[in-house]
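**Q**
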Amino acid sequence: MLNQSAVGPRSEVSLSPVAPRDAAPSLRSLAALLLLAVMWGLSIPVTKLGLLTLPPLTLTALRFAIAVPLLLLFTVGRQRLPWRALPRVAALGVLGIGVGQVAQTFGVAGTSASVGTIISATIPVFIVVFAALRLKQAVSGRQKLGLLAAFAGIALVASDGQPSSAVFQTSVGGAGLLLLSALAIAFYYVWSVELTQEHGTAAVAAWSTLLGFLALLPWAGWEMWLVPLHLTAQAIGAAAYLGLVVTVAGLFLWLHLLRTVPAGIAASVQYLQPVVGVAASSVMFGDQMGALFAVGVLLVLAGLALTMASRSKAV
282 MLNQSAVGPR
292 SEVSLSPVAP
302 RDAAPSLRSL
312 AALLLLAVMW
322 GLSIPVTKLG
332 LLTLPPLTLT
342 ALRFAIAVPL
352 LLLFTVGRQR
362 LPWRALPRVA
372 ALGVLGIGVG
382 QVAQTFGVAG
392 TSASVGTIIS
402 ATIPVFIVVF
412 AALRLKQAVS
422 GRQKLGLLAA
432 FAGIALVASD
442 GQPSSAVFQT
452 SVGGAGLLLL
462 SALAIAFYYV
472 WSVELTQEHG
482 TAAVAAWSTL
492 LGFLALLPWA
502 GWEMWLVPLH
512 LTAQAIGAAA
522 YLGLVVTVAG
532 LFLWLHLLRT
542 VPAGIAASVQ
552 YLQPVVGVAA
562 SSVMFGDQMG
572 ALFAVGVLLV
582 LAGLALTMAS
592 RSKAV
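In terms of this note's numbering, the sequence shown opens at residue 282 and continues consecutively.
In structure tokens, the structure reads:
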């Protein structure tokens, strides 16, 4: 469900572009961040599921064909995008969809679940780095320690119970595409904060997604011409989840929360995403998990506690 304050007209006036670094998040914000971690944490297993019957570009195009009309609906009567903003918003859409999402889909197709989970977990790290560079948000020593602890936990969670041949299921190209995707998506969200402050969350989200989708369509059409299309209920369900939950609900919720919660805290909570993803992969694809998984979860939670601790001074 969408956070309604993200698309209401009052939110554009009352929200600052970024939250103060010493702001303490409310319980409601923390609950929303945990929900977002679950929503986005399921994205890679669901993408894997969709790729069983659809090729990468087709799955990505179907995902955004579902998302775009809803995103545009939220802009009707609320926000307008000035013509002068179109070049930057178009570039944002091409970066987020044409580079970030396409690279992620191809990367997921070319990696094992464990390696894909670890690489995708670098997105919050890059978000903190880009936020520090572009939004001037300081990262405290405690937050750095928390990020390192959480990443170590992710490595344990993702490696536990995987077959010894898992590495051979991963191509260098697939891993490289996921890393490129992580960089592009992280920069996409940080750049979105700047643009939404100027032009509104709903307008930027809708038009950047539409323009990115339009740029993707010729390539998806070319793929469908070359590869036989098998549109199954499983594929439609995967595309619907990715479009409705991950793209529409997740995007609005994230943009709203990033403007009310410091980027370091928001990014640290997202370390729960790979825990959710690996657990879901265990259920969906039969991965086995044991003691290392439990230790990894504890490290992730310890890292979250360290990173979420409010600091009045940045180290």
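Note that beta-carbon positions come from the ideal geometry of N, C-alpha and C, so glycine has one too.
1. Within the same chain, show all residues whose beta-carbon is closer than 7 Å to that of ARG344, passing over the 5 residues directly before and after it, in chain order.
2. Are LEU587 and GLY427 close, meaning C-beta to C-beta below 7 Å?
3. Looking at the structure shown, is LEU498 part of a helix, part of a strand, or coil, going by DSSP?
4. Determine the burial state of HIS537: buried for a count of at least 16 other Cβ atoms within 10 Å of its Cβ, exposed for fewer.
5. When the Cα atoms are used, what is the spatial distance from VAL576 to ALA496?
6. If we call anything under 7 Å between Cβ atoms a contact, is GLY584 one with GLY322?
7. When the distance is taken between beta carbons, is ALA487 closer than 7 Å to LEU367?
8. Using C-beta distances below 6 Å, list every residue in its chain close to LEU476, excluding the 5 sequence neighbours before and after it, in chain order.
9. Does the beta carbon of ALA547 fall short of 6 Å from some heavy atom of the ligand MN?
10. Determine the burial state of TRP535: buried for a count of at least 16 other Cβ atoms within 10 Å of its Cβ, exposed for fewer.
11. Note the first and the last residue of the continuous alpha helix (DSSP H) segment covering SER307.
12. First and last residue of the alpha helix (DSSP H) that includes GLN382?
13. Just mark GLY381 as buried or exposed, buried being the case when its beta carbon has 16 or more other beta carbons within 10 Å.
14. Quick one: what's got a C-beta closer than 6 Å to ALA501's C-beta in the same chain, skipping five residues either side?
15. Excluding the five sequence neighbours on either side, which residues of its own chain have a C-beta within less than 7 Å of the C-beta of GLY454, listed in chain order?
16. For SER401, which three-state DSSP category applies?
17. With burial defined as no fewer than 16 other Cβ atoms inside 10 Å of the residue's Cβ, what is the status of LEU532: buried or exposed?
18. Have a look at ALA560 and SER310 and give me their C-alpha separation to the nearest angstrom.
19. Could you pull out every unbroken alpha helix (DSSP H) segment of at least 4 residues lying fully inside the region 469-532, listed in chain order?
**A** So, from the listed chains and residues:
1. ALA520, LEU523, GLY524, THR528, listed in sequence order.
2. Here LEU587 is near GLY427, since their CB atoms are less than 7 Å apart.
3. In the structure shown, LEU498 sits in a helix (DSSP, three-state: H, G or I).
4. Using a 10 angstroms sphere on the CB of HIS537, the tally of other CB atoms reaches 16 or more, which defines it as buried.
5. The straight-line gap from Cα to Cα measures roughly 43 Å.
6. With a cutoff of 7 Å on beta-carbon distance, GLY584 and GLY322 are scored as not near each other.
7. Cβ atoms of LEU367 and ALA487: not closer than 7 Å.
8. Exclusion of the five residues before and after LEU476 leaves VAL485 as the residues of its chain whose Cβ lies within less than 6 Å of its Cβ.
9. The ligand MN is not part of this structure, which contains no ligands at all.
10. When all chains shown are included, TRP535 counts as buried.
11. That residue, SER307, is in no alpha helix (DSSP H); it is neither H nor E in DSSP.
12. Run containing GLN382: none; DSSP gives neither H nor E here.
13. By the 10 Å Cβ count, GLY381 comes out buried.
14. By the criterion of a C-beta distance shorter than 6 Å, ALA501 is surrounded in its chain by LEU338, THR339, ALA342, once the five residues flanking it on both sides are discounted.
15. Excluding sequence neighbours, GLY454 sits near GLY391.
16. The three-state reading of DSSP puts SER401 in helix, counting H, G and I together.
17. Classification of LEU532: buried, given that the 10 Å Cβ count is 16 or more.
18. C-alpha separation (whole angstroms): 24 Å.
19. Listed in chain order, they are 482-507, 514-521.
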